[in-house]
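Notes to accompany the following structure.
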Amino acid sequence: MTRPDRVIRPFRAVRYQIPRDRDLSAVLSPPYDIISEEMQRALHQRDEHNFVRIELPMGSASEKGPESRYHRAAGALRQWMADGILVRERTPSCYVLEQEFSVGGRAWRRRGVFALVRLPEEGEKHVLSHEGTLPEPKADRLRLLRACRAMASPIMLLCEDPDGRLASLLGQIGGEPDAVAQGSAGTIHRTWIVSGAPATDAICRAVGVGPLFIADGHHRFETAMSYREEMRRAFPEAPEDAGFNFALALVTSARDPGLVVLPTHRLISGLDEAAREQLRTCMERSFEVRELPCPDTEARDCQRRLEEAEPNDHVLGMYCGDSVYRILVARDEAVPGDESVVAGLDVSVLHDRLVDPVMAGGACPPDEDGQVSHDSHATGVTGRGTRLTYTTDEQQAVAAVDRGDYDCAFFVRRTRVADVLAAARAGERMPGKSTYFYPKVPAGIVLSDASSEPA
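Counting from 897, one number per residue, gives the positions in the sequence shown under the working numbering.
Pasting the structure below:
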């Protein structure tokens, strides 16, 4: 039953039947939103029971009927459970995940705990968002959830954890892990099962009543909310602890020193001469520009200079394939003077002052005393024919410009975790792709039942 003093609970996870060597490397999958077509094919070929067959099976999202990829995913799930490949645990547990990885030449470790988070009722605010969502990914995930009646991959949530209790509890978990896996870029994933009321209660009490902040999985969270309402209409007599009333989540302490957020850089293509001239005009109007000639400067050096800038400055990097990196420092009049958390982020200044005007083909935005919207940001392909895309790798961004695939790359600093929490608490939405919590949480470590049966 639901406890008023906590928003998460242990659960009977569906898990791979662990082989003798406890190695799940061949069967885990990245989450759906970072799986390219090439990666999808490779995962299908890696192992006949690779979780990609459930998380993102081959085929088009537009398929319908019993042959759709969603029905194939549900069929694979049922068959694997019948064959004992996947097994549902008998005892409610929490599952601690440690991810060991490298970024920027440093080794990191991050820990979180898989549990079920109770989905908020109307008026409740114990799960807070910082990004908007798009209808297509939500429709895709909803069709998968309907077909499988299980949450295939988790939402990543942050617990503010002001006294460090959650971080301390998770850090004390030791001994041989119950499962291990090696993922992309050498990341090692280790999982421990935490069973028994004293241990699981301690974790749930440390999280308490929230609020919890979505780090990754906004589409999955909103999908779970929509699915719950559908299932309540279909099963009005379902118990309070029915699986559909919860979402699968990995909860991590916001104080964890291994909580790494990568900067997500912007790339634009399709700029004609008028757009290039507009870009120059907007840049000169809103920024002081320092030029760093190539090859004396490299992309990583440019990024380092951004990260070393004063926190209260608003700085960006730019490379347009002309043998020059540019450091752009926003003029005071280019930064809104209101109290909005999001409006003052580097990524918001970039969109408002450069990206959105160039994408839309409109005039450069007015100065601080004018009306500038911070709620919508151009993405994808515009009527002007420009295209916007994203990467976390500054070297790849430069290479793409040098090849002529894109006309210009914009570099940003990483978004601070404190800004994520502040924006979510204020009910504000950051521009899309403002955060990239690294590494992603693999799909397939645990699944949660989302039927009308008790979780």
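Using N, Cα and C, we set each Cβ at its ideal position, and we do this for glycine too.
Closest to aspartate 1252 by C-alpha separation, out of Ala1011, Leu982, Leu1175 and Asp1036, would be which residue? Taking only the C-alpha atoms, the option nearest aspartate 1252 is Leu1175.
Pairwise C-alpha distance: alanine 978 and serine 1348: Looking at the two C-alpha atoms, the distance is approximately 20 Å.
So which of Leu1284, Glu951, Val1316 and Gly1008 has the shortest CA-CA distance to aspartate 1301? Checking every option, the nearest Cα to that of aspartate 1301 belongs to Leu1284.
Are the stretch 1067-1076 and the stretch 996-1005 touching, with three or more C-beta to C-beta distances below 8 Å? In short, these stretches do not touch, since the Cβ pair count stays below three.
So what does DSSP say about threonine 1357, is it helix, strand or coil? A query on residue 1357 cannot be resolved here, the shown segment of the chain reaching from 897 to 1351 and no further.
Which parts of the stretch 1064-1090 are runs of the beta strand (DSSP E), unbroken and 3 residues or longer, counting only runs that do not cross its ends? List check, beta strand (DSSP E) in window: 1075-1078.
By a C-beta neighbour count over all protein chains shown, 10 Å radius and 16 as the cutoff for buried, is glutamate 1187 buried or exposed? Burial state of glutamate 1187 is exposed, judged by a 10 Å Cβ sphere holding fewer than 16 other Cβ atoms.
Between the C-alpha atoms of serine 1219 and serine 1165, what's the straight-line distance to the nearest angstrom? In a straight line, the C-alpha of serine 1219 is about 18 Å away from that of serine 1165.
Minimum Cβ-Cβ distance from glutamate 1229 to chain C less than 8 Å: Within the model displayed, chain C is absent; a lone protein chain is all it includes.
Find out if the Cβ-Cβ distance for the pair phenylalanine 907, serine 1182 is shorter than 8 Å. Between phenylalanine 907 and serine 1182, the CB-CB gap reaches or exceeds 8 Å.
In the DSSP assignment, what are the bridge partners of serine 989? Paired residues: Phe907 and Ser1091.
Touching by the beta-carbon criterion (3+ pairs, under 8 Å), the stretch 1317-1327 and the stretch 1114-1121: Contact between the stretch 1317-1327 and the stretch 1114-1121 is absent, because fewer than three Cβ pairs lie under 8 Å.
Cα-Cα, which of Tyr991, Gly1154, Arg1222 and Tyr966 is closest to threonine 1294? Sequence inspection shows valine at residue 1294; the threonine mentioned does not correspond to that position. Per the Cα distances, Arg1222.
Pick out whichever of Asp1036, Pro1350, Arg916 and Glu934 has its Cα sitting closest to the Cα of arginine 965. The residue among Asp1036, Pro1350, Arg916 and Glu934 with its C-alpha nearest the C-alpha of arginine 965 is Asp1036.
Close Cβ partners of alanine 1230 (< 6 Å) along its chain, the five nearest in sequence each way excluded: Taken in chain order, the residues that qualify are Ser1182 and Arg1249.
How do the stretch 1013-1029 and the stretch 921-941 stand: do at least 3 beta-carbon pairs fall below 8 Å, yes or no? No contact exists between the stretch 1013-1029 and the stretch 921-941.
Out of Thr1311, Met1052, Ala1226 and Gly971, state which residue places its alpha-carbon closest to the alpha-carbon of arginine 1045. With distances taken between Cα atoms, arginine 1045 lies closest to Gly971.
Comparing C-alpha positions only, which one of Ala1314, Arg1039 and Pro1135 sits nearest to threonine 1119? When Ala1314, Arg1039 and Pro1135 are compared, the shortest CA-CA separation from threonine 1119 is found for Arg1039.
Give the straight-line distance between the Cα atoms of glycine 1240 and proline 1232, rounded to the nearest whole angstrom. Cα-Cα distance, rounded: 7 Å.
What residues match up with alanine 1011 in a beta bridge as DSSP calls it? Alanine 1011 pairs with Ala1145.
With 16 as the cutoff for other CB atoms within 10 Å, does methionine 954 come out buried or exposed? Looking at its Cβ environment, which holds fewer than 16 other Cβ atoms inside 10 Å, methionine 954 is exposed.
Which ranges does the alpha helix (DSSP H) cover as unbroken runs of at least 4 residues, wholly within the stretch 1135-1209, from first to last along the chain? Runs of the alpha helix (DSSP H) inside the stretch 1135-1209: 1169-1182 and 1195-1204.
State the Cα-Cα distance for the pair proline 915 and tryptophan 1088, rounded to the nearest angstrom. When only Cα atoms are considered, proline 915 and tryptophan 1088 end up about 15 Å apart.
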